[in-house]
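Comments concern the structure below.
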Amino acid sequence: MEERLTLEDENLLMSSIRTGRPLAPQRREAFVVNTKALLGYAKSYSETCHLLADACLSEIARYDDSIGPEWKQGVMEEIQWWWTWINTLRRQNKLQSWAHLRAQPFPFEADCAKLADKELRCLNIGCGPRPNLGEATAYDVEVVHMDPLASAYNRLMGFLDAPGGGDVVFGAVEIMDQLETGKFHFIAAKNCLDHAYDVPSGLRQMIDVLEDRGVIALEHYENEAEAENYLGFHKWNIEMKDGKIHVWSRDHSELFDHEAYGFQLSCETTIHTKVGGQPHPMLHIRLMRGLG
Numbered sequence: 002m003e004e005r006l007t008l009e010d011e012n013l014l015m016s017s018i019r020t021g022r023p024l025a026p027q028r029r030e031a032f033v034v035n036t037k038a039l040l041g042y043a044k045s046y047s048e049t050c051h052l053l054a055d056a057c058l059s060e061i062a063r064y065d066d067s068i069g070p071e072w073k074q075g076v077m078e079e080i081q082w083w084w085t086w087i088n089t090l091r092r093q094n095k096l097q098s099w100a101h102l103r104a105q106p107f108p109f110e111a112d113c114a115k116l117a118d119k120e121l122r123c124l125n126i127g128c129g130p131r132p133n134l135g136e137a138t139a140y141d142v143e144v145v146h147m148d149p150l151a152s153a154y155n156r157l158m159g160f161l162d163a164p165g166g167g168d169v170v171f172g173a174v175e176i177m178d179q180l181e182t183g184k185f186h187f188i189a190a191k192n193c194l195d196h197a198y199d200v201p202s203g204l205r206q207m208i209d210v211l212e213d214r215g216v217i218a219l220e221h222y223e224n225e226a227e228a229e230n231y232l233g234f235h236k237w238n239i240e241m242k243d244g245k246i247h248v249w250s251r252d253h254s255e256l257f258d259h260e261a262y263g264f265q266l267s268c269e270t271t272i273h274t275k276v277g278g279q280p281h282p283m284l285h286i287r288l289m290r291g292l293g
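Residues 2 to 293 in this note's numbering are what the sequence shown spells out, letter by letter.
Below you can see the structure in the form of structure tokens.
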């Protein structure tokens, strides 16, 4: 009879498949499952990731069919990364913490008082499978969690039985003008613009869906594509240059003139420890318009 994979075995196997690195001989010998079970699991994993990636790409292509092959490959790798990370956290008994992420304080709480007479709306763009944006607020705020890979993420969270997600809606910064989402008073983009395929266009479209009075909060690793050697989704870099947001890739560079759009800008830099344990500068950029 075939034995089931342990959670540790699943995580090691998924990491091996995702990175292409074979398991160490001693680790292979330590597996308590037979070869047939391993191969069957690997096959179903690969087929599922392809199915999820194809569904996402088909949805995006309805709005934009100009996406390049590198970004398309990144879709598959991003799904694989989250699958592995969910299994890692489950093995470490940390996955349940995702259930409480939305119970954190709403990051725009201080700004709500200036718009208290409004029906407030907040867009959390590029949120991933489990939105990490607090919704605890004294005000009535509609929060929309959006990601271009929403269809894959919602299914992934479902069949992996992971808490904190399942209600992400489809959308990308580059196609906001086609989605008829309405206007928002607050827009949050956390660790996602470096994954976009056209950041300059995305910034402009975020402004287009912001109310005349509102706030955009960007939280991103500084020059993340360079740090990650342009692997996977990492194609764009974000940094501050001459008091402005500078976005650049291997073949494009643009300095975002926030003042031309009526924004005040502030930026704080902190040192953040990545999943792999390495420290890296994190930019906390705040663009505010019409709130004094």
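Ideal placement from N, C-alpha and C gives every residue a C-beta, glycine not left out.
Please state whether DSSP places Y231 in a helix, a strand or coil.
The residue you call residue 231 lines up with position 230 of the sequence shown. Y231: coil per DSSP, three-state reduction.
Given a cut-off of 8 Å on the beta-carbon distance, is the pair E220 and M289 in contact?
The sequence position of residue 220 within the sequence shown is 219, counting from 1. The sequence position of residue 289 within the sequence shown is 288, counting from 1. In this structure, E220 keeps its C-beta atom at 8 Å or more from the C-beta atom of M289.
Could you give the C-beta distance for E110 and T138, rounded to a whole number, given that I count them as a contact under 8 Å?
Here residue 110 corresponds to residue number 109 of the sequence shown, with the count starting at 1. Here residue 138 corresponds to residue number 137 of the sequence shown, with the count starting at 1. Contact flag correct, Cβ pair sits at about 6 Å.
Can you tell which of D148, G244 and R131 has its C-alpha closest to the C-alpha of G172?
Looking up residue 172 in the sequence shown gives position 171. Relative to G172, the option among D148, G244 and R131 whose CA is nearest is D148.
Check each candidate in V145, L52, Q93 and Y231 and name the one with the smallest Cα separation from V210.
By 1-based counting over the sequence shown, the position of residue 210 is 209. It is V145 whose Cα lies nearest to the Cα of V210.
Span separating the alpha-carbon of L90 from that of H273:
Here the question's residue 90 lines up with position 89 in the sequence shown. Here the question's residue 273 lines up with position 272 in the sequence shown. Going by the C-alpha atoms only, they are around 19 Å apart.
On the DSSP letters alone, give me the boundaries of the beta strand (DSSP E) that R287 sits inside.
Within the sequence shown, residue 287 is the residue found at index 286, counting from 1. Element bounds for R287: P280 to R290.
Residues bridged to S254 (per DSSP)
Taking the first residue of the sequence shown as position 1, residue 254 is located at position 253. Paired residue(s): W249.
Rounding to the nearest angstrom, what Cα-Cα distance links V34 and G277 in this structure?
Working through the sequence shown from its first residue, we reach residue 34 at position 33. Working through the sequence shown from its first residue, we reach residue 277 at position 276. Annotation note: pLDDT 48 at V34 (below 50); position unreliable, no value reported.
With distance defined between alpha-carbon atoms, name the residue in K236, E48 and E175 nearest to G75.
On the sequence shown, position 74 is the one that residue 75 refers to. Among K236, E48 and E175, the Cα nearest to that of G75 belongs to K236.
What are the start and end residues of the beta strand (DSSP E) that includes I239?
Taking the first residue of the sequence shown as 1, we reach residue 239 at position 238. DSSP places I239 inside the beta strand (DSSP E), whose first and last residues are N238 to K242.
Grab the span of the alpha helix (DSSP H) containing D65 for me, first residue to last.
Here residue 65 refers to the residue found at position 64 of the sequence shown. Taken as a continuous stretch (DSSP letters only), D65 belongs to no alpha helix (DSSP H), as it is neither H nor E.
Given A64 as reference, the closest of P106, M241 and D178 once Cα atoms are compared
On the sequence shown, residue 64 is found 63 positions in, with the first residue counted as 1. The identity of residue 64 in the sequence shown is Tyr, whereas the question assumes Ala. For Y64, the nearest C-alpha among the options comes from D178.
Ordered list of beta strand (DSSP E) runs contained in the segment 167-210, each at least 3 residues:
Restricting attention to beta strand (DSSP E) runs no shorter than 3 residues, the segment 167-210 encloses them at 185-191, ordered along the chain.
Assign Y262 to one of three DSSP states: helix, strand, or coil.
Mapped onto the sequence shown, residue 262 falls at position 261. In the three-state scheme derived from DSSP, where H, G and I count as helix and E and B as strand, Y262 is classed as helix.
Once the 5 residues before and after E269 are set aside, which same chain residues still bring their CB inside 6 Å of it?
In the sequence shown, counting from the first residue as 1, residue 269 sits at position 268. In its chain, beyond the 5 residues on either side, H285 have a beta carbon closer than 6 Å to the beta carbon of E269.
What are the partner residues of A218, as DSSP defines its beta bridges?
Position 217 of the sequence shown, counted from the first residue, corresponds to residue 218. A218 is bridged to A189 and R287.
With a threshold of 16 other CB atoms inside 10 Å of the CB of N238, please say whether the residue is buried or exposed.
Numbered from its first residue, the sequence shown carries residue 238 at position 237. With 16 or more Cβ atoms within 10 Å of its Cβ, N238 is classed as buried.
In angstroms, rounded to a whole number, what distance separates the CA positions of N88 and W82?
As a position in the sequence shown, residue 88 is number 87, starting the count at 1. As a position in the sequence shown, residue 82 is number 81, starting the count at 1. Cα atoms of N88 and W82: separation of roughly 10 Å, rounded to the nearest angstrom.
Assign P108 to buried or exposed, taking buried as 16 or more other Cβ atoms, counted over all protein chains shown, within 10 Å of its Cβ.
Along the sequence shown, one-based indexing puts residue 108 at 107. Buried is the call here.
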